[in-house]
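Participant: For the sequence shown, our numbering begins at 1 and goes up steadily by one. Quick reminder that beta carbons are idealized off the backbone N, C-alpha and C, glycines included.
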Amino acid sequence: MAIDPALIPLDTVDSALIEALLDRAFEPERHTRTAYKVRGDADWLPALSFAAVDEEEHVVGSIQCWPVALTDPDGRAHPMIMVGPVAVLPEAQGRGFGQALVSATLAALNPQAPLPLVMIGDPDYYGRFWGFTNAPTAGWTLPGPFEVSRLLVRCDNPSVLPVKGALGPWLR
1 MAIDPALIPL DTVDSALIEA LLDRAFEPER HTRTAYKVRG DADWLPALSF
51 AAVDEEEHVV GSIQCWPVAL TDPDGRAHPM IMVGPVAVLP EAQGRGFGQA
101 LVSATLAALN PQAPLPLVMI GDPDYYGRFW GFTNAPTAGW TLPGPFEVSR
151 LLVRCDNPSV LPVKGALGPW LR
């Protein structure tokens, strides 16, 4: 049964609840995944990160976004925002929480300064609903194993994206 989910800023949720949610959605071994290496030690971006709350006011989902960069072969860093993890508790999946979380993040972006969004995810799902594609990312590398077809980007003007580059933490 789809619902109209309530969303709240993720920074209003106890970090222990967020970690427990992520462990249930992705298993505790999630910290070894390549996406964690891409993000490095950066803090997630509060303005783009949300929690989904069910009708009983339990946190059942979350989305976090992170500052990252694609460093081209000339050493130039191209800032991007990494979307994810998008996490929904197994028993709450299929009710629209994930779609609401991604849509809220996209709505919170500054239209005057739209940075490319990057994620590791299902190309059919994220492409169908939000226009993510793997077409520009074939020449990109990550600091760990990944399926090339699952490295996705969403950008208003894909021609500005480097053809080759290494995706990693945004180093200030």
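#1: In three-state terms, what does DSSP make of Phe129?
#2: Name the residue from Ala77, Phe50, Thr71 and Val86 whose alpha carbon lies nearest to the alpha carbon of Tyr126.
#3: Quick one: Cα of Pro143 to Cα of Pro123, how far?
#4: On a CA-only basis, which of Thr133, Glu29, Pro28 and Trp44 is nearest Leu10? Give me that one, please.
#5: Can you grab the Cα-Cα spacing for the pair Asp41 / Cys65, in whole Å?
#6: Exposed or buried, which one is Phe129 when buried takes at least 16 other CB atoms within 10 Å?
#7: Would DSSP call Met1 helix, strand or coil?
#8: For His78, name the three-state secondary structure that DSSP assigns.
#9: In the DSSP output, what is Phe50 paired with across the bridge?
Facilitator: Let me lay it out:
#1: Look at Phe129 here: in three-state DSSP terms it is helix.
#2: Val86
#3: 20 Å
#4: Trp44
#5: 13 Å
#6: exposed
#7: The pLDDT assigned to Met1 is 47, lower than 50, so where the model puts this residue is not dependable, and the model offers no usable value.
#8: strand
#9: Pro9 and Ile63
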